[in-house]
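Participant:
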Amino acid sequence: MTTLVSVLYIVAFVLFIYGLMGMTGPRTAVRGNWIAAAGMTVAVVATLLLPGMGNWLLIALGLGIGAAIGVPAARRVKMTAMPQMVALFNGVGGGAVALIAWVEFRVTTGYEAEPLYVAIASLFAAIVGSVSFWGSGVAFGKLQEILPGRPVTLGRLQQPLNIVLLAAALACAVIIAAGGRSEWLIIGVLVAAGLIGVMVVLPIGGADMPVVISLLNACTGLSAAAMGLALDNTALIVAGMIVGASGSILTNLMAQAMNRSIPAILAGGFGGGGGGG
Amino acid sequence: MPIESIAILVLAGFVGYTVISKVPNTLHTPLMSGTNAIHGIVLLGGLIVLGHGVDGVLNKILLVVAIAFGMINVVGGFLVTDRMLGMFKQRPGEQRPGERGADAREEGEQ
Chain A
12 MTTLVSVLYI
22 VAFVLFIYGL
32 MGMTGPRTAV
42 RGNWIAAAGM
52 TVAVVATLLL
62 PGMGNWLLIA
72 LGLGIGAAIG
82 VPAARRVKMT
92 AMPQMVALFN
102 GVGGGAVALI
112 AWVEFRVTTG
122 YEAEPLYVAI
132 ASLFAAIVGS
142 VSFWGSGVAF
152 GKLQEILPGR
162 PVTLGRLQQP
172 LNIVLLAAAL
182 ACAVIIAAGG
192 RSEWLIIGVL
202 VAAGLIGVMV
212 VLPIGGADMP
222 VVISLLNACT
232 GLSAAAMGLA
242 LDNTALIVAG
252 MIVGASGSIL
262 TNLMAQAMNR
272 SIPAILAGGF
282 GGGGGGG
Chain B
-17 MPIESIAILV
-7 LAGFVGYTVI
3 SKVPNTLHTP
13 LMSGTNAIHG
23 IVLLGGLIVL
33 GHGVDGVLNK
43 ILLVVAIAFG
53 MINVVGGFLV
63 TDRMLGMFKQ
73 RPGEQRPGER
83 GADAREEGEQ
């Protein structure tokens, strides 16, 4: 049974990589997208074949809710609203990572009997996933013009505040890794990381948003890979890391195409109007 | 340490790097959307943790939400990418002024 799952995972990786290669050429792009989608189907089916799986009703419920929201959202969205939709889809992916990390903390009572690397990988996934969820949420809000598209900054307070938030998230994570069991610690990690996501994206103007979404996309990929390390699942490691690496390169290419550098974009304050991308 | 996992992680990173090293500017956004759909694979993490059994109502609710989130990411991501690429196919070769990156193709290319 497990051999079958491993073989199916390998098939899925081949489809992902082949699909992505197809997506880099204009003629093969549509087909590449569907090949990658086929790879995803194979990966999901393989996971459901793992020995000892149960809770089928709840699994079906989760998949059903996701499909019921995702399909109409993707079909009905206007072409002009595509960038914010991608931000939203990216955000829920990061949110999924953060939630799984939270449950992982709860079911292992603070990684009590787990090796240290599981705690570290899971906490990394929690931080990056939460940053991605809230950062993408702000990006969506700005492009959708729920939030002001112009840069919102705290001026000189911005950088010190971000550093304090990062220190708070890391401090909670280190206490957990050192043996802290209080659930408030993991909530502290998630909240501080979420605030980082909000504070980093708020000062960025609408015109730079596509690059930021691509950056958050790479972050979600990395957090998925870290979650794969924590759960010892090869499919998550491979697919997450491929997205993490290709997303980083892509972010760089997009920034170059716009004659912008990534540090300059993250410093914020450029591009007034919303939906400029 | 799970050295095999780390090895797989590093190699997958190189694969991702190699696959994306050359992309025309017009395909940046669809490609971002496509890779975005692929990281919806976190859905598997939710399936594994929930499928192997958890106690407590809150844990179950959180995992169902996580699976739903992952599923939205996957199906929404692939469908949106397909729609974006379909937009390219309708008018091949034509340069649209609103298309970001279309006119920057020459100077952006390395």
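Listed in order, the protein sequences are those of chains A and B.
First residue of the first sequence: 12, per my numbering; consecutive thereafter.
First residue of the second sequence: -17, per my numbering; consecutive thereafter.
A virtual CB, placed ideally from N, CA and C, is assigned to each residue, including glycine.
1) A:L134 CB to nearest chain B CB: under 8 Å?
2) Using a Cβ cut-off of 7 Å, which residues of the region 75 to 87 of chain A contact any Cβ in chain B, in chain order?
3) Taking contact to mean at least 3 C-beta pairs separated by less than 8 Å, is the region 240 to 251 of chain A in contact with the region 259 to 277 of chain A?
4) Between which residues of its own chain and A:N101 is the CB-CB distance below 8 Å, once the five residues before and five after are set aside?
5) Which class does A:L154 belong to by DSSP, given the choice of helix, strand or coil?
6) In angstroms, rounded to a whole number, what distance separates the CA positions of A:L68 and A:L74?
7) Once the 5 residues before and after A:L181 are set aside, which same chain residues still bring their CB inside 7 Å of it?
8) Have a look at A:L210 and A:G63 and give me their C-alpha separation to the nearest angstrom.
9) Does the beta-carbon distance from B:G38 to A:V254 come in below 8 Å?
10) Show which residues of chain B have a CB atom less than 7 Å away from the CB atom of A:A65.
11) Among A:W145, A:T119, A:A132, A:P214, which one has its Cα closest to the Cα of A:R167?
12) Give the straight-line distance between the Cα atoms of A:F24 and B:T17, rounded to the nearest whole angstrom.
13) Kindly indicate which residue of B:G33, B:L13, B:A48 has the alpha-carbon position closest to the one of B:V62.
14) Rounded to the nearest angstrom, how far is the Cβ of A:V200 from that of B:F51, given a contact under 8 Å?
15) Please report the distance separating the alpha-carbon of A:T262 from that of B:I(-15).
16) What three-state label does DSSP hand B:K42 in the structure shown?
17) What runs of the alpha helix (DSSP H), each 4 residues or longer, lie entirely inside the region 144 to 227 of chain A?
18) In three-state DSSP terms, what is B:D64?
19) Give the C-beta separation of B:V31 and A:V108 to the nearest angstrom, bearing in mind that I take them to be a contact with Cβ-Cβ under 8 Å.
20) My assumption, with CB atoms under 8 Å, is that A:M34 sits in contact with B:L9. Please give the rounded CB distance.
21) Is the shortest distance between the beta-carbon of A:M220 and the beta-carbons of chain D less than 8 Å?
22) In the DSSP assignment, find the alpha helix (DSSP H) that holds A:G30 and state where it starts and stops.
23) Taking the straight line between their C-alpha atoms, what separation do you get for B:E88 and B:S3?
24) Suppose you measure from the CA of A:A57 to the CA of A:I70; what does that come to, to the nearest Å?
25) For the alpha helix (DSSP H) that B:I23 lies in, which residues bound it at each end?
26) If contacts are defined as beta-carbon pairs under 8 Å, then A:I207 and A:L177 qualify, I think. What distance do you get, rounded to the angstrom?
27) Does the pairing of the region 235 to 244 of chain A with the region 126 to 134 of chain A give three or more beta-carbon distances under 8 Å?
28) Could you give the residue range of the alpha helix (DSSP H) that holds A:L61?
29) Within this structure, are the beta carbons of B:I95 and A:G77 separated by less than 8 Å?
30) So, with DSSP's three-state summary, where would you put B:E(-14)?
31) Are the C-beta atoms of A:M252 and some chain B residue less than 8 Å apart?
32) Which residues in the same chain as A:I111 place their Cβ atom closer than 7 Å to its Cβ, once the five residues preceding and following it in sequence are excluded?
33) Take A:V212 and list the residues in its own chain whose beta-carbon comes closer than 7 Å to its own, dropping the five residues that flank it on each side.
Facilitator: This is what the structure holds:
1) As a first step, residue 134 of chain A is located in the first sequence; it is residue number 123 there, counting from the start. It does not; no Cβ of chain B falls within 8 Å.
2) I76, G77, A78, I80, G81, V82, A84, A85, R86
3) no
4) If you number the first sequence from 1, residue 101 of chain A lands on position 90. So the qualifying residues of the chain are S143, S147, I224, L227, N228, T231.
5) Here residue 154 of chain A refers to the residue found at position 143 when the first sequence is read from its first residue. In this structure, A:L154 counts as helix in the three-state DSSP scheme.
6) Position 57 of the first sequence, counting from 1, holds the residue named residue 68 of chain A. Position 63 of the first sequence, counting from 1, holds the residue named residue 74 of chain A. Each residue's Cα considered, the two are about 10 Å apart.
7) Position 170 of the first sequence, counted from the start, is the residue given in the question as residue 181 of chain A. Hits under 7 Å: none found.
8) Mapped onto the first sequence, residue 210 of chain A falls at position 199. Mapped onto the first sequence, residue 63 of chain A falls at position 52. Here residue 210 of chain A is Met; the residue named in the question, Leu, does not match the sequence. Looking at the two C-alpha atoms, the distance is approximately 42 Å.
9) In the second sequence, the residue the question calls residue 38 of chain B occupies position 56. In the first sequence, the residue the question calls residue 254 of chain A occupies position 243. For B:G38 and A:V254, no; Cβs fall outside 8 Å.
10) Locating residue 65 of chain A in the first sequence gives position 54, where the first residue counts as 1. The amino acid occupying residue 65 of chain A in the given sequence is Gly; Ala does not appear at that position. Simply G33, G35.
11) As a first step, residue 167 of chain A is located in the first sequence; it is residue number 156 there, counting from the start. The option with the nearest alpha carbon to A:R167 is A:P214.
12) On the first sequence, position 13 is the one that residue 24 of chain A refers to. On the second sequence, position 35 is the one that residue 17 of chain B refers to. If you take the alpha carbons of A:F24 and B:T17, they lie about 13 Å apart.
13) On the second sequence, position 80 is the one that residue 62 of chain B refers to. Checked all of B:G33, B:L13, B:A48; the closest Cα to B:V62 is B:L13.
14) Along the first sequence, read from residue 1 onward, the residue named residue 200 of chain A stands at position 189. Along the second sequence, read from residue 1 onward, the residue named residue 51 of chain B stands at position 69. In fact, because the Cβ distance is near 18 Å, the residues do not count as touching under 8 Å.
15) Along the first sequence, read from residue 1 onward, the residue named residue 262 of chain A stands at position 251. Along the second sequence, read from residue 1 onward, the residue named residue -15 of chain B stands at position 3. Approximately 29 Å between the Cα atoms of the pair.
16) For the purposes of this step, residue 42 of chain B is identified with residue 60 of the second sequence, where counting begins at 1. Helix.
17) 169 to 188, 194 to 212
18) The residue you call residue 64 of chain B lines up with position 82 of the second sequence. In this structure, B:D64 counts as helix in the three-state DSSP scheme.
19) Taking the first residue of the second sequence as position 1, residue 31 of chain B is located at position 49. Taking the first residue of the first sequence as position 1, residue 108 of chain A is located at position 97. About 12 Å; that fails the 8 Å criterion.
20) On the first sequence, residue 34 of chain A is found 23 positions in, with the first residue counted as 1. On the second sequence, residue 9 of chain B is found 27 positions in, with the first residue counted as 1. A:M34 to B:L9, Cβ: 7 Å. Contact.
21) Of the protein chains in this structure, namely A and B, none is chain D.
22) Sequence index remark: in the first sequence, residue 30 of chain A carries index 19 (1-based). Counting along the chain, the alpha helix (DSSP H) containing A:G30 begins and ends at 13 to 34.
23) As a first step, residue 88 of chain B must be located in the second sequence, where it is residue number 106. As a first step, residue 3 of chain B must be located in the second sequence, where it is residue number 21. Reliability fails at B:E88, whose pLDDT of 41 lies under 50, so the model's placement of it is uncertain and the value that follows must be treated cautiously. Distance between the alpha carbons of B:E88 and B:S3: 17 Å.
24) The count along the first sequence starts at 1 and reaches residue 57 of chain A at position 46. The count along the first sequence starts at 1 and reaches residue 70 of chain A at position 59. Rounded to whole angstroms, A:A57 to A:I70 spans 14 Å at the Cα level.
25) Here residue 23 of chain B refers to the residue found at position 41 of the second sequence. That residue, B:I23, is in no alpha helix (DSSP H); it is neither H nor E in DSSP.
26) Counting from one through the first sequence, the residue named residue 207 of chain A turns up at place 196. Counting from one through the first sequence, the residue named residue 177 of chain A turns up at place 166. The Cβ separation is near 6 Å, so the contact holds.
27) yes
28) Counting from one through the first sequence, the residue named residue 61 of chain A turns up at place 50. Per DSSP, A:L61 belongs to no alpha helix (DSSP H) and is neither H nor E.
29) Nothing can be reported for residue 95 of chain B: it is not among the residues displayed for chain B, which extend from -17 to 92.
30) The residue labelled residue -14 of chain B in the question sits at position 4 within the second sequence. B:E(-14): helix per DSSP, three-state reduction.
31) As a first step, residue 252 of chain A is located in the first sequence; it is residue number 241 there, counting from the start. Answer yes: the Cβ-Cβ gap between A:M252 and chain B drops below 8 Å somewhere.
32) The residue labelled residue 111 of chain A in the question sits at position 100 within the first sequence. M238.
33) Working through the first sequence from its first residue, we reach residue 212 of chain A at position 201. Taken in chain order, the residues that qualify are G146, V149, A150, V223.
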